[in-house]
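Remarks on the structure that follows.
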Amino acid sequence: MINSIGLIESKGLVALIEAADVILKNSPVKILGIKKLENGLVSLAVQGNSDYVKAAVDAGVEAGKRVGEIYSYSVIDNPNEEFLKIFGELFAEVEINKTVESKTKSEKTDIKVQNKIEDIFPAKVVNRLESKREKSKPILTTQAVQAKIVRKSSDQKSEKIKPQKPIDAPEKNLETELNPKQDEAAENIKPVSTIERLRLEALGQNKKSLTERTTKNENESEEDEINKIDLSLEPKDIDFNSIEKMNVHKLRNYARKFPEFPIKGREISRANRDELVKLFKNLSK
Amino acid sequence: MTFESLGIIETSSVSASLKILFGIQKEKEIKIVGKEILGGGIVTLFIKGNLGAIKRAIAFGRQNLISNDEFRSSHIIPLPHQQLLLKFDLEKK
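Those protein sequences? They're chains A and B, same order as listed.
For the record, in the first sequence the residue sitting at position 194 is 194 according to my numbering, with numbers rising by one throughout.
All you need for my numbering is the position in the second sequence, starting with 1, plus 285.
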């Protein structure tokens, strides 16, 4: 009932102008226009809130009757669109778009409310609110904040990180060595879906494990050779090549095999590797 | 600011309105702002100016024309609304 139209018709302009003046002075109502009819009839159209329009028409009619002839009057509440079309044809000055405001008002008010919200709240809060509505969209503000934090941390801890880099370097080298193989595999089989990507990653891990196994096998083979040397050695001959490769424990065991060794029993077990090596050298002389 | 009041005189024929115009000519504080010729011989004159001058003009018209039943009605708005003047094209001086 926001929009309603009031009409006053009079014979002669005097009564109508008096009515229009009273209406304009006493009520918050808009005058749409005046239509001249035949035989001295003139009609006035008024628009506004329904209660105000009713009051305005009553006051205008009373004021007009004092001065001249009021022919008729009426109030139309909540006019239809088709009615407004005909009404616009009758009243050339009437703007139909303004009379149909009731439907478009909601959109305009929404825009106004958004502008007000933007004025009151900063853009970050609005973005968060929108992100709550649409969870698929990422929050831009948090990303920006994270990026800033990362930069700061890198600037501050750059000195602390530097000594760690050489330790991390060999791992990176391994990764870089392994990556070309993965790249070749990726080039051979282009990953269309995530499952294939995962397969390729798994294959890369297999390759890693294989390389690790090979390195382990090499270490084991060296140990076996040392053991073989130990078994094959006769007590009188001293192999310095084997001694240099040996552990402390193996050295001790090796030393106990020699009856001519200067230290015996618990003294051998207390001795260092370097001391044992020196004693071996002395024995050879 | 000059607060000009509005006077409206309505006659039942064009000749009657011309009579009134002839009589009003003497008043120098009045301007004839507009006229409306409605159907059925009704002619409306809009006068703008000093309130006293308008009252005199209307009294003159009523005295001369009331005998012939040519004078329909008249009205004085001492301080017309701005919107009213805009709607009726009476703002020109």
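Glycine included, every Cβ here is placed at the ideal spot set by N, Cα and C.
Keep in mind that this is a model prediction, so the values were computed, not measured.
What does DSSP give as the partner residue(s) for residue i in the beta ladder?
i      : result
A/G33  : A/A45
B/S359 : B/I294
B/E321 : B/T329
A/E9   : A/S43, A/S72
B/I315 : B/G334
A/S4   : A/G48, A/D77
Compare the C-alpha of residue i against each of the options and name the closest.
i      : options                        : result
A/A63  : B/H360, B/G325, B/G337, B/I317 : B/H360
A/L37  : A/E9, A/L24, A/V53             : A/E9
B/L303 : B/L291, B/V328, B/P363, B/D354 : B/V328
B/K372 : A/G33, A/I243, A/D77, A/N78    : A/G33
A/N80  : A/M246, A/N3, A/E89            : A/N3
A/D77  : A/R197, A/I195, A/L7, A/N272   : A/L7
B/N353 : B/G292, B/S298, B/L291         : B/S298
A/F91  : A/L251, A/E275, A/I31          : A/I31
A/P259 : A/S74, A/F280, A/F240          : A/F280
A/K65  : A/G88, A/D274, A/E18           : A/E18
A/E69  : A/A15, A/F240, A/E275          : A/A15
B/Q368 : A/G88, A/K25, A/H249           : A/K25
A/L84  : A/K54, A/I195, A/I5, A/V248    : A/I5
Counting only the same chain and skipping the five closest in sequence on each side, list residues whose C-beta sits under 8 Å from that of residue i.
i      : result
A/N282 : P262
B/A301 : V328, L350, N353, E355, F356
A/L13  : V42
A/S193 : none
A/F121 : For A/F121, the predicted structure reports a pLDDT of 48, less than 50, and the residue's modelled location is therefore unreliable. The matter cannot be settled from this model.
A/A202 : none
Can you give me the Cβ contacts of residue i inside the same chain, cut-off strictly under 6 Å, excluding the 5 residues immediately before and after it?
i      : result
B/E314 : G334, N335, A338
B/G308 : F345
A/Q284 : It should be noted that the sequence gives Ser, not Gln, for residue 284 of chain A. If we look at A/S284 and ignore the five residues flanking it on each side, its Cβ neighbours are I238.
B/V318 : F331, K333, L375
A/G60  : I8, A19, V22, I23
A/R270 : none
B/K316 : K333, G334
B/E370 : The sequence shown places Leu at residue 370 of chain B, not Glu. Here the set comprises E376.
A/L198 : none
A/K98  : In this prediction, A/K98 has a pLDDT of 45, which is less than 50 and means its spatial position is unreliable; nothing more can be read from the coordinates.
Just confirm the distance between the C-beta atoms of residue i and residue j, as a whole number of angstroms; I'd bet it's less than 8 Å.
i      : j      : result
B/L323 : A/V67  : No, B/L323 and A/V67 are not in contact; Cβ-Cβ is about 16 Å, not under 8 Å.
B/T296 : B/E355 : 5 Å
A/I243 : A/V277 : 6 Å
A/D51  : B/H366 : Not quite, the Cβ-Cβ distance comes to about 21 Å (not below 8 Å), so this is no contact.
A/Q47  : A/V75  : Contact flag wrong, Cβ pair sits at about 11 Å.
B/I362 : B/L306 : That pair is no contact at about 20 Å.
A/S27  : A/A56  : 4 Å
A/N39  : B/G325 : 4 Å
Does the beta-carbon of residue i, which I'm using as the reference point, lie nearer than 6 Å to any heavy atom of the ligand COA?
i      : result
A/E196 : The ligand COA is not part of the structure shown, which contains no ligands of any sort.
Excluding the 5 residues flanking residue i on each side, which residues of the same chain have their C-beta closer than 7 Å to its C-beta?
i      : result
A/R256 : I268
B/E385 : Only positions 286 to 378 of chain B appear in this structure, which leaves residue 385 of chain B out of reach.
A/G265 : none
B/R347 : F356, S359
A/Y71  : E9, S10, K11, L41
B/E312 : A338, R341, A342
- Task: Return the residues of the region 360 to 378 of chain B that lie within a Cβ-Cβ distance of less than 8 Å from chain A, sorted by chain order.
- Result: H360, I362, P365, H366, Q368, L369, K372, F373
- Item | Residues, ordered as in the chain, of the region 333 to 356 of chain B that lie near chain A by beta-carbon distance below 9 Å | none
- Query: When you check each C-beta in the region 304 to 322 of chain B against every C-beta of chain A, which residues fall closer than 7 Å?
  - Reply: E321
- Item | Residues from the region 50 to 77 of chain A in contact with chain B, defined by Cβ distance under 7 Å | V67, G68
- Task: Scan the region 31 to 44 of chain A for residues whose Cβ lies nearer than 8 Å to a Cβ of chain B and list them as they occur along the chain.
- Result: I31, G33, I34, K36, L37, E38, N39, G40, L41, V42
- Task: Give the residues from the region 9 to 25 of chain A that approach chain B closer than 8 Å (Cβ to any Cβ), ordered along the chain.
- Result: K11, G12, L13, V14, A15, I17, E18, A20, D21, L24, K25
- Relative to chain A, which residues along the region 287 to 298 of chain B have a C-beta separation below 7 Å, given in chain order? I293, E295
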